[in-house]
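K.L.:
The sequence shown finishes on residue 142 if you use the working numbering, and the numbering steps up by one all the way, no holes.
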Amino acid sequence: LVLKPAPIEDLLQALKPRILIVDDESDQLALLKMHFEDAGYEAETSCSVHDSIKRAEVGSFDAFLVDNAFGSVQRGIELVRYVRLSVSENVPIVVITGGMPEQDRAGYRQYGVSSFIQKPAEPKLILAAVRDAMESAVHS
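1. For R83, report the span of its beta strand (DSSP E) as first-last.
2. Compare the beta carbon distance of A45 and V132 with 8 Å and say whether it is the shorter of the two.
3. Output the distance between the C-alpha atoms of I98 and L67, rounded to the nearest integer angstrom.
4. Mapping DSSP to helix, strand and coil, what is D69?
5. For V132, does the three-state DSSP call read helix, strand or coil?
6. Rounded to whole angstroms, how far is the Cβ of V24 from the Cβ of S48, which I believe are closer than 8 Å?
7. I'd like the list of long-range same chain contacts for A41, defined as Cβ closer than 8 Å, with 5 residues on each side in sequence excluded.
8. According to DSSP, I98 sits in a beta bridge with which residue or residues?
9. Here's the rule: buried if 16 or more other CB atoms are within 10 angstroms of the residue's CB, otherwise exposed. What is L34?
10. Taking the beta strand (DSSP E) that A45 belongs to, which residues open and close that run?
11. Express the C-alpha separation of E39 and V60 in angstroms, rounding to a whole number.
12. Does DSSP put L13 in a helix, a strand or coil?
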């Protein structure tokens, strides 16, 4: 049996952190996906909590970036709860919000949300928040 070394592209791909970006605004998803990929992430996007739960079940993500509100029915807390109880207790989760009462933030915190980003936010700020959350998860 002769083993061939993996092509460098495969090795580099394996080192890319995987992130699931969840937002109901398609323009926001496209912009964030581009910025995360430019920063060296493998970024997947989802526009619904239901779809995100399906992806979390089968995918192995290093971080989640989740919008708080999806219209008037769904909330990001549903995905966060599912991730914590069924996928991983430790994966970093950052929540983006257009405004959220402290009571809602407390609900997210009970599921270990790493940080909150107020919309509108510069992509650099969002990238930094995700990086910080991932570094904190590694060192805890």
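C-beta atoms are modelled at their ideal positions from N, C-alpha and C, and glycine is treated no differently.
P.N.:
Inspection of the coordinates gives the following:
1. Boundaries around R83 are those of the alpha helix (DSSP H), 78 to 84, since no beta strand (DSSP E) includes it.
2. No, they are not a contact pair.
3. Going by C-alpha positions, I98 is about 7 Å away from L67.
4. In the structure shown, D69 sits in a strand (DSSP, three-state: E or B).
5. Assigned with DSSP and collapsed to three states, V132 falls in helix.
6. Going by Cβ atoms, the distance from V24 to S48 rounds to 5 Å, so yes, they are a contact pair.
7. Within the same chain, A41 has close Cβ partners L129.
8. Beta-bridge pairing links I98 to D69, I119.
9. Result: buried.
10. DSSP places A45 inside the beta strand (DSSP E), whose first and last residues are 44 to 48.
11. Their Cα atoms are separated by approximately 21 Å.
12. Its pLDDT being 49, under 50, L13 is placed unreliably in this model, and the coordinates cannot settle the point.
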